[in-house]
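S.K.: Mapping to our numbering: the sequence shown position 31 is 48, numbers consecutive.
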Amino acid sequence: MIYGSSGAKEKQPGTLPERFKRHSQSTHILNRHIKSIVNPRRVFCPIGYHEMARINGRAADSHGVPIKKNFRDREPQQDVIRINHYAVKSHEEFLEKIAKGRANTAKQHRLDYFRAYDLNDVEEG
């Protein structure tokens with residue numbers, strides 16, 4: 018689930034769930050990114066960041082249903098397990114993220130990334 022800035026301009030004390038209570042609609046296209054939870058004895062190697070090459074076994078969703086579509090073509094599921102993605106945090110923290118650079122590429126995040134990921138449609142209770 019993509020969490021936005023909740024309107025925060027500056028970094029404040031507290032944990033991320035305490036500070037950021039607003040997130041995207043569950044069906045938003047950016048929520049289609051996945052993380053793989055795997056049995057390491059059945060995995061040969063990663064394929065990119067989001068999928069593993071399996072020695073044996075099948076990929077399944079969080080309900081155990083075999084996956085037959087690319088993750089970008091499936092509706093997101095968050096009823097069994099969910100990863101909260103605090104992609105931008107406050108505007109100040111996002112500017113710090115830009116200054117640090119990215120670990121896997123020379124390309125920098127830009128403010129258009131902030132605008133795309135600053136999703137605050139749903140407020141948690």
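Ideal Cβ positions, reconstructed from N, Cα and C, are used throughout, including at glycine. No experiment lies behind these values; they were computed from the predicted model shown.
Taking residue 80 as the reference, which of 97, 107, 89, 126 has the closest Cα?
M.R.: For the purposes of this step, residue 80 is taken as residue 63 along the sequence shown, with counting starting at 1. Checking every option, the nearest Cα to that of residue 80 belongs to 97.
S.K.: With distance defined between alpha-carbon atoms, name the residue in 142, 140, 136, 85 nearest to residue 47.
M.R.: Counting from one through the sequence shown, the residue named residue 47 turns up at place 30. Of the listed residues, the one whose Cα sits closest to residue 47 is 136.
S.K.: Cα separation between residue 109 and residue 22?
M.R.: Within the sequence shown, numbered from 1, the residue matching residue 109 stands at position 92. Within the sequence shown, numbered from 1, the residue matching residue 22 stands at position 5. Roughly 10 Å separates the two Cα atoms.
S.K.: With DSSP run on the structure shown, which of helix, strand or coil describes residue 77?
M.R.: In the sequence shown, residue 77 corresponds to position 60, counting from 1. Three-state DSSP puts residue 77 in a strand.
S.K.: How is the beta strand (DSSP E) around residue 57 delimited, first residue to last?
M.R.: Taking the sequence shown and counting its residues from 1, the one referred to as residue 57 is at position 40. No beta strand (DSSP E) holds residue 57; DSSP gives it neither H nor E.
S.K.: Using a Cβ-Cβ cut-off of 6 Å (strictly less than) and excluding sequence neighbours within five positions of residue 111, which residues of its own chain qualify?
M.R.: Along the sequence shown, read from residue 1 onward, the residue named residue 111 stands at position 94. Counting only Cβ-Cβ distances below 6 Å, and skipping sequence neighbours, we find 105, 131.
S.K.: How would you call residue 54, buried or exposed, if buried means at least 16 neighbouring beta carbons within 10 angstroms?
M.R.: Within the sequence shown, residue 54 is the residue found at index 37, counting from 1. The residue in question, residue 54, is exposed, as its Cβ has fewer than 16 Cβ neighbours within 10 Å.
S.K.: Go ahead and pull the three-state DSSP assignment for residue 104.
M.R.: As a position in the sequence shown, residue 104 is number 87, starting the count at 1. Coil, per DSSP.
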